[in-house]
Amino acid sequence: MGSDQQWDIVTGVGVTALAVAAARAVETSRADALIQDPYAVRFVEEALPAGRMPTTAAQADADPHGYWPGAATYLAVRTKAFDDYYQEAAAAGVTQAVVLASGLDARAFRLPWPDGSVVYEVDQPLVLEFKLRVLRGAGAAAPCEHRPVGVDLREDWPAALEKAGFDRSRPTAWLAEGLLPYLPADAEERLFREVHRLSAPGSRLGVEAIAFPPEGMDESATAGSVQTLGVDITGLIHTEPRPHPADRLSELGWRTRTVPAEEAAAGYGRALSDSFRGRVEYVFAERA
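Here's what the structure looks like:
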C-alpha cells in the first residue's frame, strides 16, 4: 500500500484512537480510576493543540457538547474489561498476545506481564511510529517482549505477523477492540477466519461487538462526536448485516461468553449513558 493510502494519528480513524487515549487519560485522573495509563495524556498532548480533547475528568465533565462524560465512562469500562481479559489469559498461561488495530493501546507497557510474554501490535506503520516515539520520550519500558507489526489489516497481515516471530503453535490471546465497526462485513469474516487459522488450541479472543443500525444512532452523541472530534463517526463505520461475532466464532468451534457492556460497567461500579446501553457487548472466546 502506498503512503498516500495510509492514515496517521490525526487523520480519519486515527482521530478515534486519540479520542480513546484521551478517555484513558480522563479516567486515570479520577480518584476512583478503573485503570491507570500514564502514557495516554502524552499521546494527546503530542498530537493535538492544547484543549482539543480533554485529559482530565474536570475537562471531560465540562464538555459543552455533552459528548465526553458518557464516552469517557464507556471507554474506561471497555479498557478495564479487556485489561482483565489479558490478565486472566496470562494467569492461565497464555503469554503470547496480539492486539489487532492496536492504535494507541499501551497495554504492552502498562500491564504486568509474566516472564516470557510477547505482545504483538498490528496497525498502520505511521500510527505505530508515532506511538513508539512518544513512549520512548516518556522513558517507557515494556515488561514483556514488545513487537510492533506495521501493516494495514487490508493487506497480508498474517504473513507480516509471522515474519515478526509469531508462533502459531503457541496459544494466543487476541484482541479486537474498537475495530469491527470500521470493517466491511467481508473483511470481518476474513479476520475471524485468519485468527482461527493462526490459533492453537487454548487460544483466546476478546471482541467488542457493537450494534450500529443507523436508525438507532443517538443523534446527540453523533453530533457531539462531530463537534468534539471533528469526525462524523457514522461516516467511518460499516453497517451492512453480518453474523454476531459470538455466533460466527461458535460456528468455527470456539466456546464463547457474551457480557453486555452495561453489565460489565455495573460490576465496576459505573453506569453507562443511553448512547451505550443495549448497544455494546464484549465477547470472550476460547478455542478448544
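So in UniProt numbering, spot 55 of the sequence shown is number 55, and the numbers just go up one at a time. Note that beta-carbon positions come from the ideal geometry of N, C-alpha and C, so glycine has one too.
Asked: Residue nearest to A23 in terms of C-alpha spacing, selected from P49, P54, V13, R42; Found: P54
Asked: Spatial neighbours of A72 in its chain, beta-carbon cut-off 6 Å, leaving aside the 5 residues before and after; Found: A23, V26, A60
Asked: Closest residue to E208 among G253, A160, A40, P245 (Cα-Cα distance); Found: P245
Asked: Three-state class that DSSP yields for A58 in the structure shown; Found: helix
Asked: Where I35 falls: helix, strand or coil (DSSP); Found: coil
Asked: Burial state of E251, where buried means 16 or more other Cβ atoms lie within 10 Å; Found: exposed
Asked: Contact set for W68: own chain, Cβ-Cβ below 6 Å, skip 5 residues either direction; Found: P54, A60
Asked: Environment of G206 [buried if 16+ CB atoms lie within 10 Å]; Found: buried
Asked: Three-state class that DSSP yields for E27 in the structure shown; Found: helix
Asked: Which residues DSSP lists as bridging T258, in chain order; Found: V283
Asked: Reference R110, options D232, Q96, H65, T79, closest by Cα; Found: T79
Asked: Limits of the alpha helix (DSSP H) - the one that Y74 falls within; Found: 68 to 91
Asked: Euclidean distance between Cα positions of S29 and Y268; Found: 17 Å
Asked: CA-to-CA distance, D115 to P214, given in whole angstroms; Found: Note that P214 scores 46 on pLDDT, short of 50, meaning its location in the model is unreliable; the coordinates nonetheless yield the value given after this. Whole-angstrom Cα-Cα distance: 45 Å.
Asked: Straight-line Cα distance separating A90 from V280; Found: 25 Å
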